[in-house]
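The opening position of the sequence shown corresponds to residue 155 in this note's numbering, with each subsequent residue numbered one higher. To keep things clear, I will list the structure first and then write my remarks on it.
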Amino acid sequence: MKILHVVPGIEAATGGPGRIAASLCNSITQMGFEVDIATTKDPLQRYELIDTDAGKSNLLFFERWQHETYAFSRPLKNWLTTNIKNYDVVHIHSVFNYPTYIAAELAIKNKVPYVIAPHGMLEPWAFAYRAWKKRFFYDFAVKKALKNAQAIHATSSPETNNIKSLGVHRNLVFIPNGVKSEEFDSLPSREIFYQQFPQLRDKKLIVFLARIDPKKGLDLLASAFTRVKQLFPNSHLVIIGSTTTSNTQYLDSVKQYFARANCLDNITFTGMLTGEIKLSALAAASIYVSPSYSEGFSVSVLEGMAAGLPCVITTGCNFPEAENAQAVRVVNINADDIANGLIWCLQHPEEAKKLGDRGRKFILDNYTWHRLAEKMGKVYSQLIK
């Protein structure tokens, strides 16, 4: 069976969908599916590609306009026009961009069944952010793409309900994201991280691991962390991530949040870390935090849990299953509750360790890519019966 995945971009700075697609494709190819990934690339090559191995998938890059937000690419359109009919199923990742629109249009025209995964972009907070542009694009393209999809791939149970609230009730499939279990069998030495950041060696590290973006709640984290450092002066916040070139000024805003909270000296911005040093940073950390306003289903949260860290996440992270399993500490989306969650972990280290141990087991038992790819493979097979 030939599967085509269409992704706006797979650079590290462009967020989760590309990374998720590559990880999923890696596992799907091991099941015997033939997989191609069609994506766009920056003409100036300003971005580092994701660190996720796409396995035996064939990566096809098509140049886009320099502004990556909508990923407009005439070469991608031309290639899809000629080749989309050669695939059994098309899996479209993300919405509110040109590749989503053109892939759905051409799949419909050529009667090729397709799956579309919004990856949290239809969540209430995300939809309301820059709402007029998204409402126009939704009415122009996304509504039709959802209506005609043979399957709509939701990655969390709350996302399923939020898609239904838009009037879409048919063909919803809930398959979450995962982690590569082999990466977490044994984490690399924390010394790898300390060699690059020796000033952090004796600190109590709280790690934020995500793209630096308004929806990630760093304004809330600044207010929360100033309370934490007052009680635990040796605590230090490590912000691992980068912005896109269209949003570089937001990093300056984030630094101002922490400066106004009088805790900028207790923050280290590492930029994007990938591969071994990212895993080493998790090994060096004491706590993982995700203060997000909105997520589809965060792979970074899964990684923090798989690393055995006690994780403090907001309700916006869309992970009620982990909360029900007592595998994570879920707090409301405000600075006080985020602070209280972090302070609890530091005040109760033994209980926090047990929380981290439960989280690790929960993820490795239920959220590995191999397990989830099997579910997706069944969806593909059903679509061509």
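Think of the CB as a built atom: it goes at the ideal place given N, C-alpha and C, for glycine as much as any other residue.
Drop a sphere of 10 angstroms on the beta-carbon of residue i, count the other beta-carbons inside from all chains shown, and report buried for 16 or more, exposed for fewer.
i, result
"F294", "exposed"
"H245", "buried"
"Q304", "buried"
"F347", "buried"
"W523", "buried"
"F290", "exposed"
"L385", "exposed"
"T402", "exposed"
"N180", "buried"
"G458", "buried"
"H247", "buried"
"G332", "buried"
"D339", "exposed"
"S535", "exposed"
"R218", "buried"
"E505", "exposed"
"P445", "buried"
"A282", "exposed"
"N420", "buried"
"G186", "exposed"
"P330", "buried"
"S319", "exposed"
"E528", "exposed"
"P253", "buried"
"N472", "buried"
Who are residue i's beta bridge partners in DSSP?
i, result
"R483", "V466"
"L213", "I191"
"Y521", "Per DSSP, none; premise fails for Y521."
"S444", "I467"
"G163", "T194"
"I421", "L391"
"L363", "I394"
"I157", "V189, V243"
"L374", "The partner list for L374 (beta bridge, DSSP) is empty, contrary to what the question assumes."
Alpha carbon to alpha carbon, how far is residue i from residue j?
i, j, result
"P368", "K539", "43 Å"
"Y292", "E336", "39 Å"
"Q102", "T236", "Residue 102 is absent from the model: the chain starts at 155 and stops at 539."
"G412", "G371", "It should be noted that the sequence gives Phe, not Gly, for residue 412. Between F412 and G371, the C-alpha separation is close to 12 Å."
"A271", "E475", "20 Å"
"G274", "V455", "15 Å"
"K239", "K265", "8 Å"
"W146", "Y224", "A query on residue 146 cannot be resolved here, the shown segment of the chain reaching from 155 to 539 and no further."
"V361", "S177", "23 Å"
"V161", "S227", "12 Å"
"K508", "H390", "22 Å"
"V485", "V466", "7 Å"
"S310", "N251", "21 Å"
"A258", "Y268", "7 Å"
"K334", "G395", "20 Å"
"L234", "D406", "39 Å"
"R512", "N478", "12 Å"
"F215", "L158", "13 Å"
"K156", "Y241", "5 Å"
"C499", "F379", "13 Å"
"K560", "T428", "Beyond the ends of the chain as shown, which are 155 and 539, falls residue 560; an answer cannot be given."
"F516", "E188", "31 Å"
"A481", "T397", "30 Å"
"P229", "Y447", "35 Å"
"A175", "T193", "11 Å"
"Y404", "N416", "19 Å"
"V249", "L418", "35 Å"
"F351", "L260", "49 Å"
I'd like to check one pair, residue j with residue i: are the Cβ atoms closer than 9 Å?
i, j, result
"A461", "R414", "no"
"D196", "G163", "yes"
"G172", "E313", "no"
"I492", "T469", "no"
"A437", "P503", "no"
"G495", "R514", "no"
"N212", "I262", "no"
"V533", "H307", "yes"
"V327", "L300", "no"
"L463", "I431", "no"
"V382", "T424", "no"
"I256", "K231", "yes"
"L537", "V243", "yes"
"Q353", "T422", "yes"
"I487", "L374", "yes"
"N622", "E277", "Outside the modelled stretch of the chain, which goes from 155 to 539, sits residue 622, for which no answer is possible."
"A439", "L359", "yes"
"L363", "A435", "yes"
"R344", "G170", "no"
"I182", "M530", "yes"
| request: Note down, one range per segment and in chain order, each alpha helix (DSSP H) of at least 4 residues found wholly within the region 246 to 317. | output: 252 to 263, 278 to 282, 285 to 291, 297 to 302
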